[in-house]
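Per my numbering, the sequence shown starts with residue 581, numbered consecutively.
For each residue, glycine too, the CB sits at the ideal point set by N, CA and C.
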Amino acid sequence: TKAVSSSDVYDLYSASKVVTMTAAMQLVEAGLIHLDDPVSKYLPAFDKMRLDPEFKVGEFPFTWPTNEAKTIPAKNPILIKDLMMMTAGLSYDLCSEPIQRVKFESNGEAGTVEIVNAIAEMPLIAEPGTRFSYGLGHDVIGAVIEVVSGKRFSEYMKKNIFDPLEVFDLAYQVTDEARTRLSAQYECDMETGNIQPKPDMGFRLTKRFESGGAGLVGSVDSYSLIIDALANDGIGHTGARILKKESIQ
C-alpha cells in the first residue's frame, strides 16, 4: 500500500461530464450552438438514427442491442439538449461492433469525431427526447465542440478552461509521467466476489480519442479549480470568467 498524496492523479470517469458541459455552454453563450439544434447539423452521421424497439430501458440484466437487432427509424432527431440531459436514446456500449471496427481500421489511432461517428451507427435504446437513459451523449458533445471550434477537443479545453484557470494537471490521455502518479483502481469479480486490480479504465478507446463523457485524468486540486469557478458564478481564482452565472444556473 502507498499513502495518498496531493500529487496523485485519478481517472475522473463521469466527473469529466461537468467540464465538457462547461465548454458546451461556452459555445451556447457565443451563439455557436443552440440547445434546440439537431446534432446532425454538426455531425451529419446522426441524421438518420435507428431504434431497437424491443430494448427495455431499466431492466436488468440486459444486453446492448447489436447491429443485427431489428430496428426501426427513430421519429425524433437528437437535439443538443438531449445529449446534455441523457435523453438522446444512446446506449453506453463501448464494445459495440462499429466502435471496434473503427479502432481496428485506424490501428488504434481514430480521433474523437471518428469514434463518435461510429456511435451514430449503434442502435438507439429509446426514442430521442422521450425519456432518460444514461448514455454516450457527452462523448458526442466532445465531437460537436471539435467541429464547431475547429480545434481538437483537448486544445479547446486547454485554451478556454484550463489555461484561464491555471489548471495544469488535467488531460485526456495518461502521459508516462502521470502514470507514475495514477491512483490504483480495483474492481469486483461479479461471479466470485473477489476484489482485484483494474488494469485499464476502458474509456480511452484509442490513442487520439478524447472522451467528453469519462476521459479526464488529473489531480483533485486541478479539478477543484474548475468546480470552484462554477460555484462562484463562473469566476475562478485567477479572476478569469469561464461562464456566465445564468449559464451555470
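Spatial neighbours of residue i in its chain, beta-carbon cut-off 6 Å, leaving aside the 5 residues before and after
{"i": "residue 834", "result": "The shown model of the chain, from 581 to 829, leaves out residue 834, and the question about it has no answer."}
{"i": "residue 697", "result": "625"}
{"i": "residue 792", "result": "600, 718, 719, 721, 722"}
{"i": "residue 752", "result": "734, 790, 795"}
C-alpha gap between residue i and residue j, whole angstroms
{"i": "residue 785", "j": "residue 829", "result": "33 Å"}
{"i": "residue 643", "j": "residue 741", "result": "38 Å"}
{"i": "residue 745", "j": "residue 824", "result": "15 Å"}
{"i": "residue 688", "j": "residue 677", "result": "15 Å"}
{"i": "residue 652", "j": "residue 708", "result": "13 Å"}
Contact belief for residue i with residue j at Cβ below 8 Å, rounded distance in angstroms
{"i": "residue 670", "j": "residue 716", "result": "5 Å"}
{"i": "residue 655", "j": "residue 615", "result": "In fact, because the Cβ distance is near 20 Å, the residues do not count as touching under 8 Å."}
{"i": "residue 609", "j": "residue 827", "result": "6 Å"}
{"i": "residue 736", "j": "residue 603", "result": "6 Å"}
{"i": "residue 747", "j": "residue 805", "result": "5 Å"}
Which listed residue (the options) has its alpha carbon closest to that of residue i
{"i": "residue 820", "options": "776, 743, 703", "result": "743"}
{"i": "residue 776", "options": "768, 727, 803", "result": "768"}
{"i": "residue 781", "options": "633, 668, 765, 629", "result": "765"}
{"i": "residue 822", "options": "588, 594, 587, 606", "result": "606"}
{"i": "residue 631", "options": "695, 640, 618, 648", "result": "648"}
{"i": "residue 799", "options": "581, 584, 588, 582", "result": "588"}
{"i": "residue 628", "options": "759, 732, 704, 797", "result": "704"}
Range covered by the beta strand (DSSP E) that runs through residue i
{"i": "residue 777", "result": "775-777"}
{"i": "residue 767", "result": "766-768"}
Other residues of its chain near residue i: CB distance less than 8 Å, five sequence neighbours each side excluded
{"i": "residue 808", "result": "816, 817"}
Boundaries (first-last residue) of the alpha helix (DSSP H) holding residue i
{"i": "residue 759", "result": "756-759"}
{"i": "residue 683", "result": "677-685"}
{"i": "residue 664", "result": "660-665"}
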